[in-house]
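First residue of the sequence shown? That's 50 in the working numbering, and the numbers climb one at a time after it.
Working notes, structure below.
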Amino acid sequence: MSDPMRPPASQPRPHPAAPRSEPSRSRSALRTAVVWDVLQDALDRRVKATGRQTLDVLDTGGGSGNFAVPVAGLGHRVTVVDPSPNALFALERRAAEADVADRVRGVQGDAGGLFDVVERGGYDAVLCHGVLEYVDDPAEGVRNAVAALREDGVLSLLAAGLGGAVLARALAGHFTEARQALADPDGRWGTGDPVPRRFTAEQLTGLVEAAGLRIGAVHGVRVFADLVPGVLVDTEPGAMDALLKLEAAAAELAAFHSVATQLHVLGETRGADGA
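Here it is as C-alpha cells:
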C-alpha cells in the first residue's frame, strides 16, 4: 500500500469522559468535521455498550495521527499502522505534544499485511481512512479491517468519491477529463490524476456488506468545502460556522453523496447496535 491520504482531525465536540482543548477552526477542520462527529458518536456508543471508558482503536494508514491523536484525547488506546517511518515519527511527536503518548502506538505496516503487525479480533473500532484508494485489492483491505474487529465493533471507512472529482474537473473547465473520470473503471480523470481509485457510495457499502458488516450510516464529506472560494470562508463573518452547518445538513442526504469529494461509511458488526 502506498502512503495514503491522511485527513486532518476536525473540531471535536465535548466528551463527558475526556475533556480536551479545542483546535482552532480552519478549512482543513471544516473538511473533516462530519467524519469526526460520526466517529465520536460511534465511539460513545461503544463505550456505553461495553461499559468500558477506554476502547482499543486501530487506525490503518493513520499516518501522523490526524485522527488517532484526537481519539486518544478521548481516553482510548490507539494503534496506528502506516508504511511511512516519517509519518510514524511525526505521530510520536504529535502524540507527545498532545500529552497522549501513553495511549498511542505506531507500527510500520500496511493493509495487505495487517496481521503481521497487529492481532485479529483485538479492536473495538477500526479506522480505514484514505486507504482503499491506494491498496491493490480494496475488498481485501476491507476484509482485513473487519477481521481486526472484536465480535462487537465498528468500522469507519473514508474514501475518495467519484462524483466530487467529476464535478471539480467540470467546474474547472476540464470537461474531457470530467467525462474520462466518469468512464474510467477506477474513476481517474487522466494519467496526471494523483488518486489511483475513487468510489461511489454503492461501491463502498457493497464492500462493507460483503465483508460481513451492516451499514450504520453513509455520509458525503466535503460536499461544498472544496468548491467554495477560500476568500469567502476566511473573510466573511460567520461564514465558517455557516458552512460547517451546511456540510452537516447535507452529509446525510443521499442526493449529495454523488457529488461529495469523499464518502464516509460506518459499518457495524451485527451485535454492535449501540444498545
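Glycine is no exception: its CB is placed at the ideal position from the N, C-alpha and C atoms.
Since the structure is predicted, the reported quantities are computational estimates derived from the model, not experimental observations.
Given residue i, which residues of its chain have a CB within under 6 Å of its CB, disregarding the five upstream and five downstream residues?
{"i": "residue 278", "result": "none"}
{"i": "residue 206", "result": "177, 314"}
{"i": "residue 181", "result": "187, 190, 208"}
{"i": "residue 307", "result": "212"}
{"i": "residue 192", "result": "260"}
Note down the Cα distance separating residue i from residue j, rounded to an integer number of angstroms.
{"i": "residue 274", "j": "residue 153", "result": "30 Å"}
{"i": "residue 138", "j": "residue 95", "result": "30 Å"}
{"i": "residue 215", "j": "residue 266", "result": "24 Å"}
{"i": "residue 204", "j": "residue 264", "result": "10 Å"}
{"i": "residue 160", "j": "residue 87", "result": "23 Å"}
{"i": "residue 164", "j": "residue 283", "result": "44 Å"}
{"i": "residue 89", "j": "residue 99", "result": "15 Å"}
{"i": "residue 173", "j": "residue 290", "result": "32 Å"}
{"i": "residue 217", "j": "residue 227", "result": "8 Å"}
{"i": "residue 202", "j": "residue 318", "result": "6 Å"}
{"i": "residue 104", "j": "residue 170", "result": "13 Å"}
{"i": "residue 85", "j": "residue 292", "result": "16 Å"}
{"i": "residue 183", "j": "residue 229", "result": "19 Å"}
{"i": "residue 167", "j": "residue 254", "result": "25 Å"}
Please return the same chain residues whose Cβ sits closer than 8 Å to the Cβ of residue i, not counting the five positions on each side in sequence.
{"i": "residue 150", "result": "141, 144"}
Looking at the structure shown, is residue i part of a helix, part of a strand, or coil, going by DSSP?
{"i": "residue 155", "result": "strand"}
{"i": "residue 311", "result": "strand"}
{"i": "residue 94", "result": "helix"}
{"i": "residue 273", "result": "coil"}
{"i": "residue 120", "result": "helix"}
{"i": "residue 130", "result": "strand"}
{"i": "residue 298", "result": "helix"}
Applying the criterion that 16 or more other CB atoms from any shown protein chain within 10 Å of the CB defines a buried residue, is residue i buried or exposed?
{"i": "residue 157", "result": "exposed"}
{"i": "residue 135", "result": "exposed"}
{"i": "residue 116", "result": "buried"}
{"i": "residue 131", "result": "buried"}
With a threshold of 8 Å between beta-carbons, can residue i be considered close to chain C, or not?
{"i": "residue 274", "result": "Absent from the structure is chain C; it holds one protein chain and no more."}
Going along the chain, which residues of its own chain have a beta-carbon closer than 7 Å to the beta-carbon of residue i, five neighbours each way excluded?
{"i": "residue 239", "result": "226, 229"}
Are at least three pairs of beta-carbons, each pair with one atom in the segment 203-214 and one in the segment 242-252, less than 8 Å apart? Verdict: yes, contact present.
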